[in-house]
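Under numbering that gives the first Met the number 0, think of the first position of the sequence shown as 0, with each following residue one higher. Single-structure report; data block below.
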Amino acid sequence: MKNFLIIVLGGLVALVLVMVVRTGLIGGGSQTAVTRPSFTVYDGDAIAARLGAAIQLQTVSKSLEATPDAQAFGGIAQFLSEAYPAAHAVMEREVVGDYSLVYKWPGTNASAQKPIGFIAHLDVVPVETGTEDEWVQPPFSGAIHDGSVWGRGALDNKGQVIALMEAADHLAGEGFAPARDIYFLFGHDEELGGDKGAGAIVNHLKARGVNLAWTLDEGSGLAQGIVPGIEKPVALISTAEKGSVTLRFTARGQGGHSSTPAPDTAVSILARAVLAVTDNPYPLRLDGNVVAFLHALAGEMPFSRRLIMTNLWLTGPLVKNQLKGDALTAASLHTTTAPTIIRGGEKSNILPQQAVAIVNYRIHPRDTVEAVRDRAVKLINDDRVTVEIAGGREPSPRSSASGEGYLAIAETSKAIYGDIVLAPALTLQGTDSRHYADIADDNYRFTPFIYTPDDLQRIHGTDERVKIENLAGAAAWYEALMRRTAS
Ligand SMILES: [Zn+2]
């Protein structure tokens, strides 16, 4: 017994030693910032005024069936050419898919390096009818108030379009000429899936044999107060985005009068099918990407938490249990399951012959559309229920977290924003980037704005606005990135 105790205790001491050594390897403040080099200080108020004007052009994506507002989309193209004359003097511009804009800034030594592409979108989501009066500033006013520019599109995604053009205009004005080709790729229907915009742009570039080293789009950014336990801004550089599939469950039962029901009706069969998938969610997994993410953050955590984060081989189950509680974090660790619509029956005393449920899944890069369907069929295990795919798209491939593009984004972020934490991340929603997977080696998603928890609700919601300092910071960031990667 005594010997056994000694062995157990000895084992424990060894275990603690291993954990401490591993923790030490990651270390505190492992991501100490580099000294901030000098960079252009942009006039935030001037940028804000130009963004305000762009917001007033109501480039709303209403639905796939609706015709885009030609005046608004034509207006924004016209506005950009007037507001950024220096950029327009050096870049070639084409209109693709009627309203999308493709700019090419030809490189002086273009054959030496593959081109890069900056993706953004010109369209915005509608303002929900009846909520217009809840806005502090009218949603299409582009008003400047309280240090921010207000209106639909301020964050998603006109702020990015404007910051990119500011940087290009400034660089062109100074006589900068990129060594490699730089593309600006502005789609006009991202909020509807991007088929007519980004999809058409990709076909257009493909036909010309354009192959990009990497692209940069929206889809993540600098998170402040969003990652639990970390106060510094965390630059979440997204290397992939989730896919999506909508499944339609149709349950069939015997019709007739409700006074003589079979043991099961279409409604109860369907209810059981829905529970079969929600009661068996996809397991959360700490794969290599999540481990890299947690290790990046661990350096900023107090020792006790760092001890846990750097020893996931042992503490994994504990960490997963903790992460489960936060919807945002949990969503990045597995394929999510969300029943969104349920329908069946028309009269209280008639047995419905069928009932239908719609379940939307957001697919983690390790799963596929087919696999999600197959798993649902297996879990439901009832041939009275049919499961059909009602639209879907595969998750994007993973881009390199050590390639040229990733490193340039990371280094530029440290240079402009100083003391920040860098971590690879996964985008949970769809972006135009996925269309570019075919013609680019890597696709990154990162907007150089500092986002706070409150910003996340404003995107697609009420009171969307962007801080003027974010606009000035982003313009400087894009300029620095272009200098770094195309000099
Ligand atoms: Zn967007």
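All residues carry an ideal CB built from backbone N, CA and C; glycine is no exception. Remember, predicted model here, so these are calculated numbers, not experimental data.
Of the residues the options, the one placed nearest residue i, counting alpha carbons only
i, options, result
"Gly-328", "Asp-97, Arg-284, Ile-143", "Looking at the sequence shown, residue 328 is not Gly but Thr. Residue Arg-284 is the option with its Cα nearest to Thr-328."
"Val-101", "Arg-151, Ala-82, Met-164", "Met-164"
"Ser-219", "Ile-467, Glu-478, Asp-454, Lys-466", "Asp-454"
"Val-124", "Trp-134, Glu-403, His-459", "His-459"
"Ala-48", "Glu-91, Ala-400, Ile-143", "Ile-143"
"Asp-440", "Ser-267, Ala-474, Gln-428, Ser-395", "Ser-395"
"Val-135", "Lys-157, Gly-74, Asp-145", "Asp-145"
"Ile-200", "Arg-392, Ala-86, Gly-402, His-120", "His-120"
"Ile-362", "Ala-375, Pro-338, Thr-334", "Thr-334"
"Ala-52", "Met-90, Lys-157, Leu-480", "Lys-157"
"Thr-130", "Asp-462, Tyr-477, Trp-476", "Asp-462"
"Lys-346", "Ala-400, His-256, Val-358, Ala-409", "His-256"
Contacting residues, own chain, Cβ-Cβ under 8 Å from residue i (five flanking each side not counted)
i, result
"Lys-323", "Leu-283, Ala-329"
"Ala-471", "Val-40, Tyr-41, Asp-42, Gly-43, Ile-46"
"Phe-292", "Ala-422, Pro-423, Ala-424"
"Arg-397", "Thr-238, Ala-239, Asn-288, Pro-364"
"Pro-67", "Thr-58, Ser-60, Asp-97, Tyr-98, Asp-122, His-187, Asp-188"
"Leu-317", "Ile-307"
"Arg-482", "Leu-170, Phe-175"
"Ala-436", "Ser-395, Pro-396, Asn-442"
"Arg-392", "Gly-242, Ser-243, Val-244, Val-368, Gly-429, Arg-433"
Residues of its chain near residue i, where Cβ-Cβ distance is below 7 Å and the 5 sequence neighbours each way are ignored
i, result
"Pro-232", "Leu-221, Ala-222, Gln-223, Tyr-416, Ile-419, Ile-449"
"Val-33", "Summary for Val-33: the model assigns pLDDT 43, below 50, so the residue's position carries little reliability; its value from the coordinates is reported in the next sentence. Cβ within range, chain order: Lys-413, Ala-414."
"Ser-486", "Ala-178"
"Thr-484", "Ile-115, Ala-407"
"Arg-464", "Ser-147, Val-148, Trp-149, Ala-153, Arg-457"
"Val-290", "Leu-311"
"Asn-210", "Lys-113, Ile-438"
"Arg-251", "Ala-265, Gln-352, Gln-353, Arg-383"
"Arg-444", "Asp-216, Glu-217, Gly-218, Ser-219, Ser-237, Glu-240, Thr-426, Thr-430, Ser-432"
"Pro-138", "Val-126, Glu-131, Gly-150, Arg-151"
"Ala-297", "Ile-25, Arg-305, Met-308, Thr-309"
Neighbourhood of residue i by C-beta distance below 6 Å, restricted to the same chain and skipping five residues each side
i, result
"Leu-63", "Leu-191"
"Gly-198", "His-434"
"Lys-195", "Gly-96, Asp-188"
"Thr-31", "Model confidence at Thr-31 stands at a pLDDT of 43, short of 50, so the residue's coordinates are unreliable and nothing is read from them."
"Asn-359", "Thr-245, Ala-337, Thr-339"
"Gln-281", "The sequence as given places Tyr at residue 281; Gln does not occur at that position. Excluding sequence neighbours, Tyr-281 sits near His-333, Thr-334."
Enclosing alpha helix (DSSP H) for residue i [first to last residue]
i, result
"Leu-154", "Taken as a continuous stretch (DSSP letters only), Leu-154 belongs to no alpha helix (DSSP H), as it is neither H nor E."
"Leu-378", "368 to 379"
"Asn-348", "Run containing Asn-348: none; DSSP gives neither H nor E here."
"Ile-307", "302 to 308"
"Glu-91", "Careful: Glu-91 lies outside any alpha helix (DSSP H), inside the beta strand (DSSP E) at 91 to 95."
"Val-266", "265 to 277"
"His-405", "Looking at the sequence provided, one finds Tyr at residue 405 rather than His. It spans 403 to 416 - the alpha helix (DSSP H) in which Tyr-405 sits, taken as one unbroken run."
"Asp-44", "43 to 55"
"Val-123", "No alpha helix (DSSP H) contains Val-123, which DSSP labels as neither H nor E."
"Ala-111", "Counting along the chain, Ala-111 falls outside any alpha helix (DSSP H), and DSSP gives it neither H nor E."
"Trp-312", "311 to 323"
"Leu-327", "326 to 330"
Limits of the beta strand (DSSP E) - the one that residue i falls within
i, result
"Ser-219", "211 to 222"
"Asn-442", "439 to 450"
"Tyr-83", "Unbroken run through Tyr-83: none, as it is neither H nor E."
"His-294", "Where His-294 is concerned, there is no enclosing beta strand (DSSP E), although the alpha helix (DSSP H) it sits in stretches over 287 to 297."
"His-120", "115 to 120"
"Gly-488", "Residue 488 cannot be examined here, being either before or after the span of the chain that is shown, 0 to 486."
"Tyr-182", "181 to 186"
"Leu-425", "420 to 426"
"Tyr-102", "99 to 104"
"Ser-147", "147 to 149"
"Ile-493", "Outside the displayed range of the chain (0 to 486) lies residue 493, so it cannot be described from this structure."
"Ile-341", "335 to 343"
"Arg-251", "242 to 251"
"Lys-61", "Note, Lys-61: premise wrong, no beta strand (DSSP E); not H, not E."
"Arg-464", "464 to 466"
Cutoff 9 Å: residue i Cβ touching any chain B Cβ
i, result
"Val-226", "Chain labels in this structure do not include chain B; a single protein chain is all it has."
Legend entry - Any residue whose CB is nearer than 6 Å to a heavy atom belonging to ligand 1, listed in chain order: His-120, Asp-155, Asn-156, Glu-189, Glu-217
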